[in-house]
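Right, one structure below, let's go through it.
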Amino acid sequence: MNTTPDGRPVPPAHADERAMLEAWLDFHRETLALKCSGLRDDQLRLAAVSPSSMTLLGLVQHLAEVERNWFQRIFADQQVSPVFAESGADGFALRPERGIDEAMAAWQAEVDRGRELIADASLDDSGSLSEQEAGQVGDPGVSLRWIMVHMIEEYARHNGHADLIREGIDGVTGA
4 MNTTPDGRPV PPAHADERAM LEAWLDFHRE TLALKCSGLR DDQLRLAAVS PSSMTLLGLV
64 QHLAEVERNW FQRIFADQQV SPVFAESGAD GFALRPERGI DEAMAAWQAE VDRGRELIAD
124 ASLDDSGSLS EQEAGQVGDP GVSLRWIMVH MIEEYARHNG HADLIREGID GVTGA
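Heads up: the sequence shown runs through residues 4 to 178, numbered per our numbering.
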């Protein structure tokens, strides 16, 4: 398997659909972790640019919430509370006592749980959307395939944010 210079596995150039989706999602998950590596707590709490309050730590928390929402709530139809209930529905709000180690552990637990829940599922299996989400999507449910593509785009978008935040902190850039 080929890797990027920073050690992330490069998704295969040729694979079946499931393997390709999983590889790209994992690549983007690893990219988020890379963007946060080697920084102090105060740096992880620096906002992108005014008026945005987006931080690298907030992105980790947000993506833990996103993982939980799409794989546990929607796909597996589980009634679970937010990962970071006191941080708002999107998870971006920071708490002084929660640092990157706790946030990364929670995020990784959500990633692991999502992998468990979809391990034996077909890409054609569906999850149920809330009434509001169904109104946006135009259907009461979405396939696992749809969820995985959505998760790839969610991570890719936020990794772009993370790249800009990281560049502002210490000049480090790159995928």
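Yeah, the Cβ is synthetic: ideal placement off N, Cα and C, and Gly gets one too.
When 70, 144, 142, 16 are compared, the shortest CA-CA separation from residue 116 is found for 70.
Taken through DSSP and simplified to helix, strand or coil, residue 163 comes out as helix. In this structure residue 161 is buried. Its beta-carbon is surrounded by 16 or more other beta-carbon atoms within 10 angstroms.
When the five nearest sequence neighbours on each side are left out, the beta carbons in the same chain lying within less than 8 Å of the beta carbon of residue 18 are those of 26, in order along the chain. Assignment of residue 90 by DSSP, reduced to helix, strand and coil, places it in the helix class. For residue 144, the enclosing beta strand (DSSP E) starts and ends at 144 to 146. Burial is judged here by how many other beta carbons sit within 10 angstroms of a residue's own beta carbon; residue 64 has at least 16 and is buried. Per DSSP, reduced to three states, the secondary structure at residue 7 is coil, with no helix or strand assignment. Per DSSP, the continuous alpha helix (DSSP H) segment holding residue 117 begins and ends at 103 to 121. When secondary structure is reduced to three states using DSSP, residue 177 falls in the coil class, being assigned neither helix nor strand. Excluding sequence positions up to five before and after residue 93, its CB lies within less than 7 Å of the CB of 65, 68, all in the same chain and listed in chain order.
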